[in-house]
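Below is one structure, written out as structure tokens; the observations come after it.
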Amino acid sequence: MKILIAGAGEVGTHLAKMLSREKHDIILMDPDEEKLAFTRSGMEILPIAGNPTSLNDLEEAGINRIDLFISVTTEETTNITACMLAAKMGAAKTFARINNYEYLLPKNKEFFSNLGIHSMIYPEMLAAKEIVSAIRRPWTRQYWDLLGGALILLGIKIRKNAHIVNKYLTELTSSDNKFYHIVAIKRGNDTIIPYGNDRIMDGDIVFFTSRKADIEEIRRQTGKSDQEVKKALIMGGGRIAVRTSQYLPGNIHVKIIETLKDKSIRISEQVPINTLIINGDGRDTDLLMQEGIQDTDAFVALTENSSTNILACLAAKRYGVTKTIAQVENIDYIPMAEKLDIGSVINKKLIAASHIYQFLLDADVATVKCLTFANADVAELIARSGSKITKKKVKNLRLPKDMTLGGLIRNGEPMLINGETQIQAHDHVVVFCLESAMRKLENFFN
16 MKILIAGAGE VGTHLAKMLS REKHDIILMD PDEEKLAFTR SGMEILPIAG
66 NPTSLNDLEE AGINRIDLFI SVTTEETTNI TACMLAAKMG AAKTFARINN
116 YEYLLPKNKE FFSNLGIHSM IYPEMLAAKE IVSAIRRPWT RQYWDLLGGA
166 LILLGIKIRK NAHIVNKYLT ELTSSDNKFY HIVAIKRGND TIIPYGNDRI
216 MDGDIVFFTS RKADIEEIRR QTGKSDQEVK KALIMGGGRI AVRTSQYLPG
266 NIHVKIIETL KDKSIRISEQ VPINTLIING DGRDTDLLMQ EGIQDTDAFV
316 ALTENSSTNI LACLAAKRYG VTKTIAQVEN IDYIPMAEKL DIGSVINKKL
366 IAASHIYQFL LDADVATVKC LTFANADVAE LIARSGSKIT KKKVKNLRLP
416 KDMTLGGLIR NGEPMLINGE TQIQAHDHVV VFCLESAMRK LENFFN
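Residue numbering for the sequence shown is 16 to 461, as defined by the working numbering.
Written out as structure tokens, the structure reads:
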């Protein structure tokens, strides 16, 4: 696939590197030549210094031969305009990064489609929703609705007190334990797609799929207490912080600490009544003590500096905060955050990458999720009539070792999957796979 990415910022650069590894033909465009310098280090990425809203620059980049045009600059108006121009000039599909939730409303989908904008993403909004999920269930590392909430994906750090620790999966998949499916284990730097002879160890991050009604049983089996967040402190007053405060339940008292005075005044007009804006430096321990860090249930670090966020969360843990969440945009820092026991990690690059994958797979893909703590992806796919996945029982499909099926929806009913399950045409199936296996999905679902 020939892909043109406009914007060589953090998101655009990550997408270019990721997609070039998958053997796509990648062009990266940006007006600033210095941002394109990394492409000279042997990567198969064609850099073009140009403006994505320039007709001449788009034409010189061969826009009429582009299969997917992705505009992820920091300016929403640039992205919208660039996608409109690209579509009119022959790009097959377009994808825009935005920061206006109104554009995503279902009633506006046809309007933007008619303009030539086929899909849009608001990473800050999706990041805020992930933070809210983490705060609502502080005992999880990752919580994600699958298939519209019919099934749930849970990532949980296993401690010595867990009922399931030191047990083999064969012991955990007996008739008494059919309320969850363990789809992956993150152990150290490795992500394992487990089989019956694999054992749960102390310190593992275990990923479960389950029905929503069985979440409490998983919490008990993993030895987690039923915590409730009543007070949350957010460091950094950017768009993610404002959106988070808007999405959190009204019974949670929220404080946002922002360094810039003008920004503090501006965002104070955007947050709900349960949110207090503090003008100050969130790294100031005296200020944190003054604002009650020792009585805070959740601490969220959302500055633009990954290391600052990680260190701030470590400081919060020393004060007794049980749930810490850090925005870590430097992907190389994510394993370090996990080793330091940061509760949850937010990364806008992975959020954007998740949505891009939906355009790249030929199978009928509803959603893709790139997991932060595991080098793995979760995809929701529809089994086509006559596809390989429907031919045999799961145990006889000879699935790759880096892929497992987590559950399905059939006629509106959620089901967990085992070896005896036979996938049927039109089933909505959850597939958990390592990053290297994502392209293999097409072989089974087409």
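For each residue, glycine too, the CB sits at the ideal point set by N, CA and C.
Fair warning: this is a prediction, and the values are worked out from it, not measured in the lab.
One question on the structure: do residue 405 and residue 438 come within less than 8 Å of each other, judged by their Cβ atoms?
For the purposes of this step, residue 405 is identified with residue 390 of the sequence shown, where counting begins at 1. For the purposes of this step, residue 438 is identified with residue 423 of the sequence shown, where counting begins at 1. In this structure, residue 438 lies closer than 8 Å to residue 405 by Cβ.
If I'm right that residue 215 touches residue 146 with Cβ under 8 Å, what's the distance once you round it to whole angstroms?
As a working mapping, residue 215 is identified with position 200 in the sequence shown. As a working mapping, residue 146 is identified with position 131 in the sequence shown. The Cβ separation is near 27 Å, so there is no contact.
For residue 235, does the count of other Cβ atoms within 10 angstroms reach 16, so buried, or fall short, so exposed?
What you label residue 235 is simply residue 220 of the sequence shown in a count that begins at 1. Burial call: exposed.
Taking Cβ to Cβ, would you say residue 30 is nearer than 8 Å to residue 87?
Here residue 30 is taken as the residue at index 15 of the sequence shown, counted from 1. Here residue 87 is taken as the residue at index 72 of the sequence shown, counted from 1. Cβ distance < 8 Å, so residue 30 and residue 87 count as in contact.
What is the DSSP secondary structure of residue 22, reduced to helix, strand or coil?
Taking the first residue of the sequence shown as 1, we reach residue 22 at position 7. Of the three classes helix, strand and coil, the one that applies to residue 22 here is coil, per DSSP.
Beta carbon of residue 222, beta carbon of residue 170: below 8 Å?
The count along the sequence shown starts at 1 and reaches residue 222 at position 207. The count along the sequence shown starts at 1 and reaches residue 170 at position 155. A contact, by the Cβ cut-off of 8 Å.
Would you tell me roughly how many angstroms separate the C-alpha atoms of residue 200 and residue 410, rounded to the nearest one?
Counting from 1 along the sequence shown, the entry for residue 200 is found at position 185. Counting from 1 along the sequence shown, the entry for residue 410 is found at position 395. Distance between the alpha carbons of residue 200 and residue 410 is about 20 Å.
Assuming residue 341 contacts residue 325 (C-beta within less than 8 Å), just tell me the rounded distance between them.
Along the sequence shown, read from residue 1 onward, the residue named residue 341 stands at position 326. Along the sequence shown, read from residue 1 onward, the residue named residue 325 stands at position 310. 5 Å between Cβ atoms; contact.
Relative to the alpha-carbon of residue 113, which residue among 103, 98 and 135 has its alpha-carbon at the smallest distance?
Mapped onto the sequence shown, residue 113 falls at position 98. Cα-wise, what sits closest to residue 113 is 135.
CB-CB under 6 Å to residue 110, same chain, minus the five flanking residues each way: which ones, in chain order?
Here residue 110 refers to the residue found at position 95 when the sequence shown is read from its first residue. 85 and 134, listed in sequence order.
Which residue comes first and which comes last in the beta strand (DSSP E) that contains residue 186?
Numbered from its first residue, the sequence shown carries residue 186 at position 171. Per DSSP, residue 186 belongs to no beta strand (DSSP E); it is in the alpha helix (DSSP H), 184 to 187.
Label residue 280 either buried or exposed according to how many other C-beta atoms from any shown protein chain fall within 10 Å of its C-beta, with 16 as the threshold for buried.
Here the question's residue 280 lines up with position 265 in the sequence shown. Exposed, since its Cβ has fewer than 16 Cβ neighbours within 10 Å.
Under 8 Å by Cβ, that's how I've got residue 183 and residue 211 pegged, so tell me the actual separation to the nearest angstrom.
Residue 183 sits at position 168 when you count from the first residue of the sequence shown. Residue 211 sits at position 196 when you count from the first residue of the sequence shown. Their Cβ separation, rounded to whole angstroms, is 7 Å, which keeps residue 183 and residue 211 in contact under 8 Å.
Determine the direct distance from the alpha carbon of residue 305 to that of residue 79, and round the result to whole angstroms.
Your numbering for residue 79 matches position 64 in the sequence shown. Your numbering for residue 305 matches position 290 in the sequence shown. Each residue's Cα considered, the two are about 59 Å apart.
In its own chain, which residues sit with a C-beta less than 7 Å from the C-beta of residue 254, not counting the 5 before and 5 after it?
Reading the sequence shown from its first residue, position 239 is the one you call residue 254. The answer, listed in chain order, is 114 and 139.
Mind checking residue 309: buried by the 16 CB within 10 Å criterion, or exposed?
Counted from its first residue, the sequence shown places residue 309 at position 294. Residue 309 is exposed by the Cβ-count criterion.
Roughly how far, in whole angstroms, is the beta-carbon of residue 270 from the beta-carbon of residue 302, given that I think they are within contact range, below 8 Å?
Position 255 of the sequence shown, counted from the first residue, corresponds to residue 270. Position 287 of the sequence shown, counted from the first residue, corresponds to residue 302. About 11 Å separates the two Cβ atoms, so there is no contact after all.
The beta strand (DSSP E) that contains residue 395, what's its start and end?
The residue given as residue 395 occupies position 380 in the sequence shown. Taken as a continuous stretch (DSSP letters only), the beta strand (DSSP E) holding residue 395 covers 391 to 397.
I'd like the list of long-range same chain contacts for residue 116, defined as Cβ closer than 7 Å, with 5 residues on each side in sequence excluded.
Start at 1 with the first residue of the sequence shown, and residue 116 comes out as number 101. Once the five neighbours on either side are set aside, the close Cβ partners of residue 116 are 137 and 140.
Report the three-state DSSP secondary structure of residue 355 (helix, strand or coil).
As a first step, residue 355 is located in the sequence shown; it is residue number 340 there, counting from the start. Residue 355 falls in the coil class under three-state DSSP.
How should residue 178 be labelled, buried or exposed, when 16 other C-beta atoms within 10 angstroms of its C-beta is the threshold for buried?
Within the sequence shown, residue 178 is the residue found at index 163, counting from 1. Exposed, because fewer than 16 other Cβ atoms sit within 10 Å of the Cβ of residue 178.
Taking the continuous alpha helix (DSSP H) assigned at residue 262, which residues delimit it?
Within the sequence shown, residue 262 is the residue found at index 247, counting from 1. Residue 262 -> alpha helix (DSSP H) spans 254 to 262.
First and last residue of the beta strand (DSSP E) that includes residue 227?
In the sequence shown, counting from the first residue as 1, residue 227 sits at position 212. Here residue 227 belongs to no beta strand (DSSP E), and DSSP marks it neither H nor E.
For the beta strand (DSSP E) holding residue 429, just list the boundary residues, first then last.
For the purposes of this step, residue 429 is taken as the residue at position 414 of the sequence shown. Its beta strand (DSSP E) spans residues 428 to 430.
Rounded to whole angstroms, how far is the Cβ of residue 328 from the Cβ of residue 392, which I believe are closer than 8 Å?
Start at 1 with the first residue of the sequence shown, and residue 328 comes out as number 313. Start at 1 with the first residue of the sequence shown, and residue 392 comes out as number 377. That belief does not hold up - the Cβ atoms of residue 328 and residue 392 are roughly 25 Å apart, past 8 Å.
Starting from residue 290 and walking both ways along the beta strand (DSSP E), at which residues does that stretch end?
Counting from 1 along the sequence shown, the entry for residue 290 is found at position 275. Looking at the DSSP string, the run of the beta strand (DSSP E) that includes residue 290 is 290 to 294.
State the Cα-Cα distance for the pair residue 417 and residue 250, rounded to the nearest angstrom.
Along the sequence shown, read from residue 1 onward, the residue named residue 417 stands at position 402. Along the sequence shown, read from residue 1 onward, the residue named residue 250 stands at position 235. Each residue's alpha carbon lies about 38 Å from the other.
Look at the Cβ atom of residue 206, then the Cβ atom of residue 76, and state whether they are nearer than 8 Å.
Your numbering for residue 206 matches position 191 in the sequence shown. Your numbering for residue 76 matches position 61 in the sequence shown. Against a cut-off of 8 Å, the Cβ pair of residue 76 and residue 206 comes out as no contact.
In the DSSP assignment, what are the bridge partners of residue 273?
Walking along the sequence shown from the start, residue 273 turns up at place 258. In the DSSP output, where bridge partners are listed per residue, residue 273 has 294.
Can you pull the DSSP bridge partners for residue 112?
Taking the first residue of the sequence shown as 1, we reach residue 112 at position 97. 136.
Roughly how many angstroms separate the alpha carbons of residue 198 and residue 121, rounded to a whole number?
Counting from one through the sequence shown, the residue named residue 198 turns up at place 183. Counting from one through the sequence shown, the residue named residue 121 turns up at place 106. Their Cα atoms are separated by approximately 33 Å.
Ordered along the chain, which non-local residues of its own chain (more than five positions away) have a Cβ less than 6 Å from that of residue 442?
The residue given as residue 442 occupies position 427 in the sequence shown. So the qualifying residues of the chain are 398, 423 and 425.
Tell me the DSSP secondary structure of residue 384 in three-state form.
Here residue 384 corresponds to residue number 369 of the sequence shown, with the count starting at 1. If DSSP states are grouped into helix, strand and coil, residue 384 belongs with the strands.
If the criterion is Cβ atoms closer than 8 Å, does the pair residue 285 and residue 153 meet it?
As a working mapping, residue 285 is identified with position 270 in the sequence shown. As a working mapping, residue 153 is identified with position 138 in the sequence shown. It is not a contact, given that the beta carbons lie outside the stated cut-off.
Among 193, 187 and 237, whose alpha-carbon lies nearest the alpha-carbon of residue 225?
Indexing the sequence shown from 1 puts residue 225 at position 210. Among 193, 187 and 237, the Cα nearest to that of residue 225 is on 193.
Expressed to the nearest angstrom, what Euclidean distance is found between the alpha-carbon atoms of residue 261 and residue 229?
Taking the sequence shown and counting its residues from 1, the one referred to as residue 261 is at position 246. Taking the sequence shown and counting its residues from 1, the one referred to as residue 229 is at position 214. Rounded to the nearest angstrom, the two C-alpha atoms are 28 Å apart.
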